[in-house]
DNA sequence: CCGCATTTGTACGTATGTATG
DNA sequence: TCATACATACGTACAAATGCG
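Laid out in structure tokens, this is it:
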């Protein structure tokens, strides 16, 4: 698979699709590291900007994670633990603010769940580690 | 409030914080339009890159939305309708793939909810329009 | 319908800062 | 200390969408 600079689809989207398909096919399993930005830049003959944009796209989807000075990896999704929704309770999902992301140490592309108890208490938890459930019988 | 190019916090983060506080204070209410990128670039004496990075940050948080050729606005959050979680059902939140985002016409920074019925049916809905609930009494 | 100005999107280059090992 | 890799930030240029006259 190659990249066509004259296609109507942007170069960085093409690279993102290419990498995504490699992840989905299992060629790049969770935990696998990506070549460096400059390597990808040279390998595909595109600017480093385009490489960074592609990776940023995948990070925002929760597919990749990047550490400064080290590199980029296919994200390993953590196991989800069940959170039982209390009778009369509710929950919403949203993206965290920058501060919340920092304080909760969340990867990019990870939403949070706001779980509201009937008594007014609010709990904010990482959405990638949580599954909201309701038991069969009350 | 101004921007300090020699601060240890990146210029684009400073601008994002500045704009976020203007949103939170009500100075930029939902629906308000931002000055153009070149305008902000000149007003604060920073590069257009930095302006775009700041706005991208706020888009990823679901605070702003941008239309090519038109501009950027403070996002108006839609009303949430209640989705009652069935007994034995569950729900998770995650970011949509690019394709899902396109097909469901979702803004950046909007997660999706996967609602699983006990019979195995899966429903994918925009998280910004949905509130998961459980009634008081079964 | 056409052309124009405005605005955002893409893509390149360069330079320097900062984290990691 | 050093090489590597990602982050920030400036610049330029052109493409593409929009709205208006």
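Protein chains in written order, with this note's numbering: chain A, 25 to 162; chain B, 25 to 162. C-beta: ideal position from N, C-alpha, C; glycine also.
#1: Tell me which residues of the segment 131–144 of chain A have at least one Cβ-Cβ distance to chain B shorter than 7 Å, keeping chain order.
#2: Please list, in chain order, all residues of the same chain as residue 113 of chain A whose beta carbon is under 8 Å from its beta carbon, the five residues on each side excluded.
#3: So with CB distances below 7 Å, who are the chain B contacts of residue 160 of chain A?
#4: Under the three-state reduction of DSSP, which class applies to residue 137 of chain B: helix, strand or coil?
#5: Just to confirm before moving on: does the CB-CB distance between residue 109 of chain A and residue 158 of chain A stay below 7 Å?
#6: Does any C-beta atom of chain B lie closer than 7 Å to the C-beta of residue 155 of chain A?
#7: By the three-class DSSP mapping on this structure, what secondary structure does residue 106 of chain A have?
#8: Taking residue 149 of chain A as the reference, give the member of A/161, A/122, A/117 with the closest Cα.
#9: Are residue 156 of chain B and residue 151 of chain A close, meaning C-beta to C-beta below 7 Å?
#10: Which value, in whole angstroms, describes the spacing of the CA atoms of residue 26 of chain B and residue 160 of chain A?
#11: So, helix, strand or coil for residue 74 of chain A, using DSSP?
#12: Counting contacts by CB-CB distance shorter than 7 Å, is residue 65 of chain B in contact with chain A?
#13: At least one CB of chain A closer than 7 Å to the CB of residue 86 of chain B: is that the case?
#14: Taking 7 Å as the limit between beta carbons, can you name the residues of its chain near residue 104 of chain A, skipping five residues before and five after?
#15: What are the residues that DSSP puts in a beta bridge with residue 96 of chain A?
#16: Can you confirm whether residue 31 of chain A, when its beta carbon is compared against all beta carbons of chain B, has any partner nearer than 7 Å?
#17: With distance defined between alpha-carbon atoms, name the residue in A/111, A/43, A/119 nearest to residue 79 of chain A.
#18: Throw me the rounded Cβ distance for the residue 61 of chain B and residue 47 of chain B pair, which I believe falls under 8 Å.
#19: Can you list the residues of chain B that residue 152 of chain A reaches, using a CB-CB cut of under 8 Å?
#20: Work out the CA separation of residue 51 of chain A and residue 131 of chain B for me, nearest whole Å.
#21: By the three-class DSSP mapping on this structure, what secondary structure does residue 160 of chain B have?
#22: Quick one: which chain B residues come within Cβ less than 7 Å of residue 126 of chain A?
Put simply:
#1: 133, 135, 137
#2: In the first chain, the residue the question calls residue 113 of chain A occupies position 89. Correct list, in chain order: 139, 140, 141, 142.
#3: One-based indexing of the first chain puts residue 160 of chain A at position 136. Those are 111, 112, listed as they occur along chain B.
#4: Here residue 137 of chain B refers to the residue found at position 113 when the second chain is read from its first residue. Of the three classes helix, strand and coil, the one that applies to residue 137 of chain B here is strand, per DSSP.
#5: Residue numbering aside, residue 109 of chain A sits at position 85 when the first chain is read from its first letter. Residue numbering aside, residue 158 of chain A sits at position 134 when the first chain is read from its first letter. Yes. Within cutoff.
#6: Position 131 of the first chain holds residue 155 of chain A. Yes, because at least one Cβ of chain B sits closer than 7 Å to the Cβ of residue 155 of chain A.
#7: Here residue 106 of chain A refers to the residue found at position 82 of the first chain. Note: residue 106 of chain A maps to strand in three-state DSSP.
#8: For the purposes of this step, residue 149 of chain A is taken as the residue at position 125 of the first chain. Selected option, being the one with the closest Cα: A/117.
#9: Here residue 156 of chain B refers to the residue found at position 132 of the second chain. Here residue 151 of chain A refers to the residue found at position 127 of the first chain. No; because the gap between Cβ atoms is not below 7 Å, this pair is not in contact.
#10: As a first step, residue 26 of chain B must be located in the second chain, where it is residue number 2. As a first step, residue 160 of chain A must be located in the first chain, where it is residue number 136. Straight-line Cα distance between these residues: approximately 56 Å.
#11: Translated into positions along the first chain, residue 74 of chain A becomes position 50. It is helical.
#12: Position 41 of the second chain, counting from 1, holds the residue named residue 65 of chain B. Not closer than 7 Å to any Cβ of chain A, the Cβ of residue 65 of chain B fails to qualify, so no.
#13: Walking along the second chain from the start, residue 86 of chain B turns up at place 62. Closer than 7 Å: yes.
#14: By 1-based counting over the first chain, the position of residue 104 of chain A is 80. Short of 7 Å from the beta carbon of residue 104 of chain A, and not among the five residues preceding or following it, lie these beta carbons of its own chain, in chain order: 153, 154, 155.
#15: If you number the first chain from 1, residue 96 of chain A lands on position 72. According to DSSP, which records beta bridges pairwise, residue 96 of chain A is partnered with A/90.
#16: Position 7 of the first chain holds residue 31 of chain A. No, no contact with chain B.
#17: One-based indexing of the first chain puts residue 79 of chain A at position 55. Closest by alpha carbon: A/43.
#18: Taking the first residue of the second chain as 1, we reach residue 61 of chain B at position 37. Taking the first residue of the second chain as 1, we reach residue 47 of chain B at position 23. Contact doesn't hold; Cβ gap of about 17 Å is too wide.
#19: By 1-based counting over the first chain, the position of residue 152 of chain A is 128. Within chain B, the C-beta atoms nearer than 8 Å to that of residue 152 of chain A come from 118, in chain order.
#20: For this step, residue 131 of chain B is matched to residue 107 along the second chain. For this step, residue 51 of chain A is matched to residue 27 along the first chain. Cα to Cα, the separation comes out at about 30 Å.
#21: Mapped onto the second chain, residue 160 of chain B falls at position 136. The answer is coil: DSSP assigns residue 160 of chain B none of H, G, I, E or B.
#22: Your numbering for residue 126 of chain A matches position 102 in the first chain. The contacting residues do not exist; residue 126 of chain A stays about 11 Å from chain B at best.
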